[in-house]
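Colleague: Residue numbers (the numbering used here): 126 to 489.
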Amino acid sequence: MGKTKLIKVGIIGIGAGGIGETHFEALRRIGGIRVTAICTLDREWATSYAEKYAIPKVYTDYQELINDKEIDVVHVATPNNLHYEQVMYALEARKHVVCDKPLGVNTAQTAKMLSLVKEKKLAHAVCYNHRFLPLIFHAREMVRRGDLGTLTLIRGYAMGDFMMAIAQIDPNHWRTSPETVGLSKTMSVMGGHLLDLLQFISGLKVREIFADFGYVDPTREGITFDGQDFVREKGGQLEDHANLLLRFGDGIKGTVLLSEAAPGHKVEVFLEIIGTEGCVAWNLQKINEIWIGCRTQSNKLLYKGIELLYPEAQAIAAPPSWGQDGFSESFRQLFDAVYRHIKEEKHLIDTEPDFATFETGHHM
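(1) Between the Cα of residue 479 and those of 247, 423, 280, 465, spot the shortest distance and give me the residue it belongs to.
(2) Beta carbon of residue 195, beta carbon of residue 133: below 9 Å?
(3) Where does residue 486 sit, in a helix, a strand or coil, going by DSSP?
(4) Assuming residue 455 contacts residue 257 under a Cβ cut-off of 8 Å, what Cβ separation, rounded to an integer in Å, is found between them?
(5) Beta carbon of residue 409, beta carbon of residue 395: below 9 Å?
(6) Are there three or more Cβ pairs, one per stretch, closer than 8 Å when the region 266–286 is compared with the region 386–404?
(7) Would you report the Cα separation of residue 329 and residue 377, rounded to the nearest angstrom?
(8) For residue 213, which residues of its own chain have a beta-carbon under 8 Å away from its beta-carbon, when the five flanking residues on both sides are left out?
(9) Could you give the DSSP three-state label for residue 468: helix, strand or coil?
(10) On the premise that residue 285 lies in contact with residue 390, defined as a C-beta separation below 8 Å, what is that separation, rounded to the nearest angstrom?
(11) Using 8 Å as the Cβ pair cut-off and three pairs as the minimum, do the region 426–444 and the region 312–332 touch?
(12) On the CB-based measure, 16 or more other CB atoms within 10 Å of its CB, does residue 436 come out buried or exposed?
(13) Is residue 349 helix, strand or coil when you go by DSSP?
(14) Based on DSSP bridge pairs, tell me the residues matched to residue 373.
(15) Alpha carbon to alpha carbon, what distance is there between residue 254 and residue 209?
(16) Would you kindly check if the distance between the Cβ of residue 180 and the Cβ of residue 187 is under 9 Å?
(17) With a cut-off of 8 Å on the beta carbons, I'd call residue 190 and residue 224 a contact; round off their distance for me.
(18) For residue 441, which residues of its own chain have a beta-carbon under 7 Å away from its beta-carbon, when the five flanking residues on both sides are left out?
(19) When you compare only the Cα positions, how much space is there between residue 153 and residue 169?
(20) Alpha carbons only, please: which of 305, 309, 467, 368 is nearest the one belonging to residue 83?
(21) From 204, 159, 140, pick the residue whose C-alpha is nearest to that of residue 184; which is it?
(22) Flag this pair as yes or no: are the beta carbons of residue 206 and residue 364 separated by less than 9 Å?
(23) Should residue 233 be labelled buried (16 or more other beta-carbon atoms within 10 Å of its own) or exposed?
(24) What is the C-beta distance between residue 492 and residue 268, in whole angstroms, given that I count them as a contact (C-beta under 8 Å)?
(25) Taking 9 Å as the threshold (C-beta atoms), are residue 374 and residue 332 in contact?
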């Protein structure tokens, strides 16, 4: 793809208040690309949205959007159970794909998607957007540069109460059903971003997990474990809480607590990387600061200030230097990295980008 060519994008799954709108808002702030088509089942809503933002085309059938010869890149922002068929169709049509997380509902699906995207030599990304916050990049550089010494322990928690409201308002919401959300609910929704961050910052992959699940609603149908595999059956459940014991590469131990049924917690994500010489901790509720624990000097609280960050973190810090980066900006930085990758045709060579790829999606 020529570097000066305008890249044309289609979004599948855009709808009122959904993550597809977050994709669009971020994409329209990136130069050299244009969203030329959107797809949703509600044509009336989509037409109104397209008119508001001058989007040329509206589809209600995702295959028609993908078959549009003008489209270079497809964004998949639909419920989890639809990712596989839509991603595979897009890859067969030789479209680059950006998929919201999780990539699929099981490893059989993600393995096939990963195999096909490698065969087609197309660009691929999964939206673990929290990576693209300046203080996350700074924490990763602290690990890489040896500021923390030898890593010894990794821990974190992710707490929220939004699923309690969703289940109360709409008991049939797609996020409450194993048929649409997949084999796991809290592990996937709350745990996905946190586990990705722990691996991204530490540079270590999770190799083993022991998980203990808890349930708030004992009558909900869902998933059980039959001793060998997860199976769908009446009386099974999708977890509301999860306690995880982790073993990372190099034998490093970790612990994680997850909950989607913690009243008063509004998507609070905390992580800490601990080493022999220091620690670094970050909380999503204080998105633009990190706490640095030191063994031989006073502890530090580092706020986002471009002049204070390592160069790798400076590169993704939005101006002004004292401004507050947030959720939507992390998507813009993620997509900016993806589209630079496409423009420079790095998907044709063996490179490991900073954004999560289908390899990450399969591992998760």
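Don't be surprised by glycine CBs; every beta carbon is placed ideally from N, CA and C.
All of these numbers come straight from a predicted model, not from anything done at the bench.
Modeller: The relevant details are as follows:
(1) Looking up residue 479 in the sequence shown gives position 354. Residue 465 is the option with its Cα nearest to residue 479.
(2) The sequence position of residue 195 within the sequence shown is 70, counting from 1. The sequence position of residue 133 within the sequence shown is 8, counting from 1. Yes, these two residues count as a Cβ contact at 9 Å.
(3) Working through the sequence shown from its first residue, we reach residue 486 at position 361. Three-state result, residue 486: helix.
(4) Counting from 1 along the sequence shown, the entry for residue 455 is found at position 330. Counting from 1 along the sequence shown, the entry for residue 257 is found at position 132. Between the beta-carbon of residue 455 and that of residue 257 there is about 5 Å, and that keeps the pair under the 8 Å contact cut.
(5) Sequence index remark: in the sequence shown, residue 409 carries index 284 (1-based). Sequence index remark: in the sequence shown, residue 395 carries index 270 (1-based). Against a cut-off of 9 Å, the Cβ pair of residue 395 and residue 409 comes out as a contact.
(6) Yes: the two stretches touch, three or more of their Cβ pairs being nearer than 8 Å.
(7) For this step, residue 329 is matched to residue 204 along the sequence shown. For this step, residue 377 is matched to residue 252 along the sequence shown. Those two C-alpha atoms are separated by around 9 Å.
(8) Indexing the sequence shown from 1 puts residue 213 at position 88. Taken in chain order, the residues that qualify are 237, 238, 241.
(9) On the sequence shown, residue 468 is found 343 positions in, with the first residue counted as 1. Residue state, collapsed to three classes: helix.
(10) The residue given as residue 390 occupies position 265 in the sequence shown. The residue given as residue 285 occupies position 160 in the sequence shown. Sure, about 5 Å apart at Cβ, within 8 Å.
(11) By the criterion of at least three beta-carbon pairs nearer than 8 Å, the region 426–444 is not in contact with the region 312–332.
(12) Position 311 of the sequence shown holds residue 436. Classification for residue 436: exposed.
(13) As a working note, residue 349 is residue 224 in the sequence shown. Residue placement at residue 349 is flagged as unreliable, the pLDDT there being 49, under the threshold of 50; a coordinate-derived value is accordingly withheld.
(14) Counting from 1 along the sequence shown, the entry for residue 373 is found at position 248. Paired residue(s): 331.
(15) The count along the sequence shown starts at 1 and reaches residue 209 at position 84. The count along the sequence shown starts at 1 and reaches residue 254 at position 129. Within the model, the alpha-carbon separation for residue 209 versus residue 254 is close to 20 Å.
(16) As a first step, residue 187 must be located in the sequence shown, where it is residue number 62. As a first step, residue 180 must be located in the sequence shown, where it is residue number 55. Not in contact: residue 187 and residue 180 (Cβ atoms no closer than 9 Å).
(17) Taking the sequence shown and counting its residues from 1, one reaches residue 190 at position 65. Taking the sequence shown and counting its residues from 1, one reaches residue 224 at position 99. Rounded to whole angstroms, the Cβ separation of residue 190 and residue 224 is 15 Å, and the two are not in contact under 8 Å.
(18) Numbered from its first residue, the sequence shown carries residue 441 at position 316. Cβ within range, chain order: 257, 259, 262, 458.
(19) For this step, residue 153 is matched to residue 28 along the sequence shown. For this step, residue 169 is matched to residue 44 along the sequence shown. Approximately 22 Å, taken between the alpha carbons.
(20) There is simply no residue 83 to check, as the chain begins at 126 and stops at 489 in what is shown.
(21) The residue you call residue 184 lines up with position 59 of the sequence shown. Considering only alpha carbons, the answer is 140.
(22) For the purposes of this step, residue 206 is taken as the residue at position 81 of the sequence shown. For the purposes of this step, residue 364 is taken as the residue at position 239 of the sequence shown. Pairing residue 206 with residue 364 gives a Cβ-Cβ distance that is not under 9 Å.
(23) For this step, residue 233 is matched to residue 108 along the sequence shown. It counts as exposed.
(24) Residue 492 lies beyond the stretch modelled for the chain, which goes from 126 to 489, so this question has no answer here.
(25) Locating residue 332 in the sequence shown gives position 207, where the first residue counts as 1. Locating residue 374 in the sequence shown gives position 249, where the first residue counts as 1. Yes.
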